[in-house]
Each structure stands twice: as structure tokens, then as C-alpha cells.
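Heads up, the sequence shown is in the working numbering, so the first residue is 338 and it goes up one at a time.
Note that CB positions come from ideal geometry on N, CA and C, so glycine has one too.
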Amino acid sequence: MNQQIPPADIKTRFLIISDTHGTDFSSKTKPHEYADVAIHCGDLTQHSKLTEYLTTIKALKKLNAPLKLVIAGNHDFTLDIPVFKKLINEAPEPLEPDLVREEFGDYGEARELFEQAKGSGIIFLDEGVHRFTLNSGASLTVYASPYTLGKWWGFQYPPEQGHDFAIGDADVVITRGPPRGIMDLVDGQRKGCSSLFAATARARPRLHCFGRIHEGWGAKLISWRKTVSESPSHMIDTDNGTSVQVQNRVGLEKMGEDVPKTCYRTSHCTSDTNPLEKGARRFSSMLLFSTPIMVLHSCPG
338 MNQQIPPADI KTRFLIISDT HGTDFSSKTK PHEYADVAIH CGDLTQHSKL TEYLTTIKAL
398 KKLNAPLKLV IAGNHDFTLD IPVFKKLINE APEPLEPDLV REEFGDYGEA RELFEQAKGS
458 GIIFLDEGVH RFTLNSGASL TVYASPYTLG KWWGFQYPPE QGHDFAIGDA DVVITRGPPR
518 GIMDLVDGQR KGCSSLFAAT ARARPRLHCF GRIHEGWGAK LISWRKTVSE SPSHMIDTDN
578 GTSVQVQNRV GLEKMGEDVP KTCYRTSHCT SDTNPLEKGA RRFSSMLLFS TPIMVLHSCP
638 G
């Protein structure tokens, strides 16, 4: 008699991509590996044009994954209707409505494209907690947020305002940008969000994936301190001595001709060298469209 695998021991493959900016996979860069869940961390487009969304949806349909989770990015401003309206109203010169409609669509039209793609397993996630049952029988709780630091683009908030990231009991966190101190360096300056780090440190999800900081491509296994400080900070609440840099851009460049052309693979199951355990959480940041990250680890039931 076949014994059922306990849900907590079901191995789950995640394919994580980001910042594709309205481009399609080429025959050489398309990941062919099967993933239980594919995740896109935003900037689906470069200019938020309808044609770019259609190209992105076409690319997502090519992925060998039954469930494809997508969030918006700061470049995808037509998905943030208040910002879309604001940009039109505050344009330095009056815009021709017919031309705007042809390039960017009516209000809500870009979102409707993703509604029409649901039959292909593509799910556009608004901010909040979402629950899924995978084909394998594993249960997956996801927190998603497209919001990032900034003032001019879609889904942004000023640094002095902060943002409430209500992660709750999520296994996987998908955000547009990084938490402060985690793969967020640009020209020696930290660009991550302190509010996001604090929320993540308190919630401690198993997997956190994000994009935006192209220089921060990579993956890191974070070990947390036993207790969370009153004002969480990457300087205090993470244990750098036991955390593991799985891969980063420098390491990828050192691989030279051996660099993977479709995705970088890493596994963190119970039997692996660096498993995900209580007190350890994995943060990942995606840069290269030509080299997505594939993760394999046990998913809770």
C-alpha cells in the first residue's frame, strides 16, 4: 500500500524571476525545468504599455509551472490606477486621450489582461495574504506587496512615511524591493526598506523573494537571532556568523563560461547541506532575466 507523504515533507520547487521589463525569453534563456510555483517579483514592463504586458504574459505562459504568481513593480504604473491618473493629469503638456488609450489602455485594462490569463495558471497578486493548495498537495501561504520606497512611480511611498507590511503567518513573502540590509547595496548605499526588514524579522517566513535592486542579484540563507529586538535591524537581528551567501553577482561573474544560461539552482531541503530550519530563513533577490533562480525546499502542509 502506498504511504502518503506528510504535507510538511513535500518538496516544492520555486522558480523566481524579476525585472523582465516587457521582454520575452529567448530559446537559450527560457528555463526548461519544472517548478511547482513560478514567481515574478515585479517590473513586468519598462513603460507600462499594453504590448509589454502581453509580451510578459506570453513569457510566463512558457514557464513549466502550473502556478505562476505575479506582483506589480514601480514601472507598472498603469496597474496603480490613482498614480496612472495622476501622471496623465500632471503631464507637462496635454495628452491626447486616444493616443494614451492606444499605448496604455483604459483604467483597469492592464489588470484585465492578467484576469484573462488565469486559465494559464497566472495569478496577479494584490497586496495581502493569499493561500494556495499546490498540485502536490502542499499548502502554501503567500504574502505579496508591490510597494517600494519612492515618490514618482507606481506603488511607492516616501521613506519618512514607511509602510505596513502585514506578513502574518506567510511561508513565502514576495515584495517588489528588498528589506534594508539584505542585498540592497547600490554604489555603497543601502536602498532597502527598514519597515520591510522589521516586518520580516518578526514574521520570519521561509522564503522571501524580491527584485528591483539589479546589483543585488543573488541568494542568501539568513540565520536569525533567538529573539527579535525592539527596533529590528540587520545589524542586530541576523547572525552573520552562521548565515550563508548562496550566490551573488560577483560569484556569478567568477563562473565565467560556466554560468548557467537559464537559471541558477539551489536546494535547501532537510537532507541538504544548508537546509531551511527553525530560526533560519532564506532571502533571495533576482537580477538577471537570463539567469533566474530555482529553489527546492520542503513546503509546510
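Tyrosine 390 sits away from alanine 475, with the two beta carbons spaced by 9 Å or more. The criterion of a C-beta distance shorter than 9 Å is satisfied by alanine 402 and valine 374. Counting along the chain, histidine 551 sits inside no beta strand (DSSP E), nor does DSSP assign it H or E at all. Cβ neighbours of aspartate 506 within its own chain (closer than 7 Å, five residues either side excluded): Thr478. In the DSSP assignment, serine 604 falls within the unbroken beta strand (DSSP E) covering 601-604.
Relative to the Cα of lysine 398, the nearest Cα in the group Gly445, Lys455, Ile353 and Leu387 belongs to Lys455. In this structure, glycine 514 lies away from valine 420, with their beta-carbon atoms at least 9 Å apart. Taking every protein chain shown into account, the CB of aspartate 417 has 16 or more other CB atoms within 10 angstroms, so this residue is buried. Fully contained in the segment 425-505 are the following alpha helix (DSSP H) runs of length 4 or more, in chain order: 434-441 and 446-453. With the rule of 3 Cβ pairs closer than 8 Å, the segment 604-613 does not count as touching the segment 563-572. With fewer than 16 other Cβ atoms from the protein chains shown falling within 10 Å of its own Cβ, lysine 395 counts as exposed.
Around the beta carbon of isoleucine 573, fewer than 16 other beta carbons sit within 10 angstroms, so the residue counts as exposed.
Secondary structure at threonine 512: strand, using DSSP grouped into helix, strand and coil. The DSSP-derived three-state label of histidine 369 is coil. A check of alpha carbon separations from histidine 369 across Gly359, Phe351, Ser355 and Gln383 identifies Phe351 as the nearest. Looking at the DSSP output, arginine 527 shares a beta bridge with Leu522. If you draw a straight line from the Cα of leucine 432 to the Cα of leucine 424, it comes to about 10 Å. When secondary structure is reduced to three states using DSSP, leucine 400 falls in the coil class, being assigned neither helix nor strand. Looking from the CA of arginine 543, the closest CA among Val510, Ala556 and Ala535 belongs to Val510.
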